[in-house]
Amino acid sequence: MAKAAPKKAPKQTPAPGIQQEDIFIKGARMHNLKNIDVSIPRNKLIVVTGVSGSGKSSLTMDTLFAEGQRRYAESLSAYARQFLMRMDKPDVDYISGICPAIAIEQKVTTRSPRSSVGSMTEIADYIRLLYARIGRTFSPVSGNEVKKDSVSDVVDYIKALPLKSKVQIIVPLTTRFGRKLHEELDILMQKGFSRVYVRGMNDNRPLRIEDMLADPDSLKKIPAKEIYLLIDRIVTKDFDEDDLHRLADSIQTAFYESEGDCFLEIDDDQIRQFNNRFELDGIKFEEPSPNFFSSNNPYGACPVCEGYGQILGIDPELVVPNRKLSVYEGAVACWKGEKMSEWQKNFMRQAAKVDFPIHKAVSKLSDREWSILWDGTPHIEGIADFFKMVEQNLYKIQYRIMQARYRGKTTCPSCKGSRLRKDALYVKIQNTDIGELMHMPASDLNQWLQQLQLLPHEEKIASRILIELNQRVKTLLDVGLGYLTLNRSANTLSGGESQRIQLTRFLGSNLSDSLYILDEPSIGLHPRDTDRLIHVLKNLRDLDNTVIVVEHDDMVMKAADHIIDMGPLASHLGGEVIAEGNYESIIHNPQSLTGKYLSGALKIEAPRVRRKANGYLELTECSQNNLKGIDVSFPLGLLCVVTGVSGSGKTTLVKQILYPALLRELGESGDRPGLHAELKGDIKSIAAVELIDQNPIGKSSRSNPVTYIKAWDEVRKLLAKQPLSKMRGFAEKHFSFNTDGGRCDTCKGDGEVVVSMQFLADVHLVCESCKGKRFKDEVLEVTYRGKNVSDILELSVDESLEFFKDEKKIADAIRPLSDVGLGYIKLGQSSDTISGGEAQRIKLASFLGKGAAKDKMLFIFDEPTTGLHAHDISKLLQSFNALIEKGHSIIIIEHNTDVIRSADWIIDLGPEGGAGGGNLLYAGAPDGLKKIKESYTAQYL
């Protein structure tokens, strides 16, 4: 079939008033963009802002970045291009002045338990390389450095001897493969060797092998272990080049013949041994290589935990649940009862012999004392010995129950959580092994790198690695993550932390003349840390990069060189450029909704009357991670905000202690709560607790907003009632993309097929059978008010409310999505294109839709303002108030100052992140926080 001739691309001349070097987008029509022209100045920091759904991502990601990617794809091989040419070009007339583009999207990715902060930032890769190149191995027996001698080391030693020294190069004679001595000598003679040497015999003169073989009786008199093979004899002098070649050959022969040894006898009395095997103290050590230090490689991973750092074993936190108690007071939970208490009594009787304090609280024991309690000594049996006894009695049911009671995920006893094989920790740089580095907070690692003192040759080897390492560690500090350790598992990070780690990976590479597009990098950042982020973005710009940030934060907008405000509203009511220019011009533009919020003409008013609590939950002695044994009360029946700088302990307190502890009290299963003494208060007044986080709304790509809020069932019923459906015998299942019948058989209702690209990211192509419509042609012929099932899925939430205004059940089910500020998303939008903040608000909408059926629930939100404009935050606060009016309680982890001001109760942690945090600075009404001088939150309110 003949193809139509391609249209000629319009000549790309910039519009009047546009600088030649600017990036110019002509006629952008992606999604809801209304054929707009935009000029973006090069090498500047540009903020694209506007209400959620106004077209910011359509302009930056789906138009600008997509075109940058397409142009890159054109440079690839024909094989790769055969797939990529089918990728849709962005719907735009042309883009001129574009440079290589890098996008850092705001997505919560599912992470493997192997993934850590070090691997995500690539810092661990450079540390592995550093240890492989300049690390020194030390023997655990003697503490001496393990060295492998080379031929040049032996030559240098001989050259350093006094002139006219007599040197004999000898190696021990060994009989191999069960051969007798005369047979071995015969083989050596055939190889070209002519003399052997027996120390202390024949006046230390060599013996000829030929003579020895001629007199077999003489062989019997010589102890075999004292015979050495003479390789060469020399007298030291000023060696010329030929002499040195001969010397090196002889030494190489010695190493080969003895399988790694070379002995020098100097002046008939002194013996010096060299070996080219990597061994010392009778131990053969592995030579360092990058894989030797990798927990993701079978060669380097700890064989016990396989590189996870944790195993299923006896959990110390279950064995000693209350560390405030001493051994005398019964801190060891398994040493209770008539029979088992004998272990406690025996331990206490013997404790004085090993100087163990039985009246000291377990939390205050030193490392040595804890080791005695857990592992015991030759004189005293500890907890580990107790569980060995339990293991030996597992044929009795009561011992099986006891073992199960104290089993849990625990730090691997072999690698102590370093994830690496034991001998990898024998390699050190400046007395520090790689395990210690991986457990250091990034701020301490930075200090270690600055104080590193290397020898000149090590400096030469490591200089490039250290440049890359320093750059990445500095960026990690600049984005406010100096409190994280490199070994911290990725699945324990908050949404904001994982976003900024992704940022570190890209920003640490120091590219120039590139286009960086960042989607809300300030997510999860306290205003104190946003200042640091702005500094990072400006540094990136100063390397001659164009930095485009999709952002709502007013601090970032103030720092921007240029602002593009999209709007005026979301979805079909947006898609236009409302205002362009610097911060001042946006503030004074009467059309700009953003400008009105920035100038204070519009603002989120703090409530005049704060609600009173109708009960409290109290956590005592919280000491998980960096929390400093704090007692915290959470009020019920109102809006409680937990705030503080990044890393101050908010996620630990709420998600790792309060949420699992409350689940346990309510009789539901969940993770084990973090370290705390007890949870008390009005627990019975809560029927259920819901954690609404930023994880995706569904595991399948077919999962979407309309199915998640259970509104699709009503739409399917409506379509099944249409006359054509009845004629063709279509039931509700024919309008589902999760069951066979009506969905497209090729893409199984996905609307796209995925092509695996081996070394590149997978390519998602529109399904050729259904053209992305997800359903079979005969099903698509069924319509309601002129729209078929595929058209309905393409409607935005706000459009669908208008479309289904006569269908009350459907409209009521969809309305909560609009109430939480998601009026712009499509009903059928795939869950893997939905950001973390949007996923969280869809979950909130599903509860609002159900009327939160259960009595008095507690809702916990992790940064619900992610991705929200100030205009949408006011809508979100209305949704929260609606839940509270129904009798529910809300706890939010948040940094947004508008939300903090709107709270009824504030819990402020800090003052710093990591080790400098974990203290309760303030708990009470927002007005009182301003008096707390050490609180960074107070300074920004």
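Using our numbering, read the sequence shown as starting at 136 and increasing by one per residue.
Every residue gets a Cβ at the ideal spot worked out from N, C-alpha and C, and that includes glycine.
Just to confirm my understanding: we take residue i, look at its own chain, exclude 5 residues before and 5 after, and list those with CB closer than 7 Å. What are they?
i     : result
S1014 : D954, V955, L979, L983
A238  : M196, F200, I652
E813  : T755
Y112  : Outside the shown range of the chain, which is 136 to 1076, sits residue 112, and nothing can be said about it.
V333  : L342, I357, E361, I362
Y1071 : H661, R663, V780, G1045, P1046
I344  : L320, L323, M324, F328, S329, R330, V331
For residue i, is the classification buried or exposed, using 16 other Cβ atoms within 10 angstroms of its Cβ as the cut-off for buried?
i     : result
R263  : buried
Y214  : exposed
L619  : buried
Q408  : exposed
T512  : exposed
D377  : exposed
H723  : exposed
T778  : buried
D1062 : exposed
Q791  : buried
A974  : buried
P358  : exposed
M537  : buried
S476  : exposed
P141  : Because the pLDDT at P141 is just 42, under 50, the model does not fix this residue reliably, and the value given afterwards should be weighed accordingly. Exposed: under 16 other Cβ atoms inside 10 Å.
E916  : exposed
K138  : With a pLDDT of 42 at K138, under the threshold of 50, the predicted position of this residue should be treated as unreliable, and no value is reported.
Start and end of the beta strand (DSSP E) containing residue i?
i     : result
W1040 : 1040-1045
I181  : 180-185
G816  : 813-816
R1091 : Absent from the structure is residue 1091, since the part of the chain shown begins at 136 and ends at 1076.
A1058 : 1054-1059
N410  : 405-410
R542  : 542-546
G162  : 158-163
Report all residues from its chain with a CB closer than 6 Å to the CB of residue i; omit the five preceding and five following residues, and keep chain order.
i     : result
P235  : S649
G448  : T545
G1022 : K991
D766  : T755
L560  : D568, G570
T198  : A163, M165, P225, V227
F996  : I827, I1027
E319  : T310
I600  : Y261, L264, L265
Can you give me the Cβ contacts of residue i inside the same chain, cut-off strictly under 8 Å, excluding the 5 residues immediately before and after it?
i    : result
P456 : A468
D321 : L348
H670 : D613
E504 : F491, P492, K495
T184 : K191, V685, E686, H687, M692, I698, I699, D700, M701, T729, H1004
Please report the residue range of the alpha helix (DSSP H) in which residue i lies.
i     : result
F482  : 476-485
Y1127 : Nothing can be reported for residue 1127, as the shown portion of the chain is limited to 136 through 1076.
F521  : 518-527
R268  : 258-269
H317  : 316-326
E392  : 376-392
So residue i packs on residue j, CB below 8 Å; how close in whole Å?
i     : j     : result
D1012 : S187  : The amino acid at residue 1012 is misidentified as Asp; the sequence shows Leu. Between S187 and L1012 the Cβ distance is about 14 Å, and since that is not below 8 Å, they are no contact.
I739  : I1008 : 6 Å
I233  : I171  : No, I233 and I171 are not in contact; Cβ-Cβ is about 16 Å, not under 8 Å.
A748  : L773  : 6 Å
G1045 : N1054 : 6 Å
G864  : F870  : About 13 Å; that fails the 8 Å criterion.
Y959  : L853  : Y959 to L853, Cβ: 23 Å. No contact.
G442  : N431  : 6 Å
Per the contact definition of three or more C-beta pairs closer than 8 Å, is the segment 279-289 in contact with the segment 579-591?
-> no
Are there three or more Cβ pairs, one per stretch, closer than 8 Å when the segment 960-969 is compared with the segment 856-870?
-> no
Examine the Cβ distances between the segment 396-411 and the segment 299-309 and report whether three or more of them are shorter than 8 Å.
-> yes
Would you be able to state if there are at least three C-beta pairs under 8 Å between the segment 919-936 and the segment 703-711?
-> yes
Just checking, does the segment 674-693 make contact with the segment 173-184 on the three C-beta pairs under 8 Å criterion?
-> yes
Is the segment 899-909 in contact with the segment 881-890, if contact means three or more CB pairs nearer than 8 Å?
-> yes
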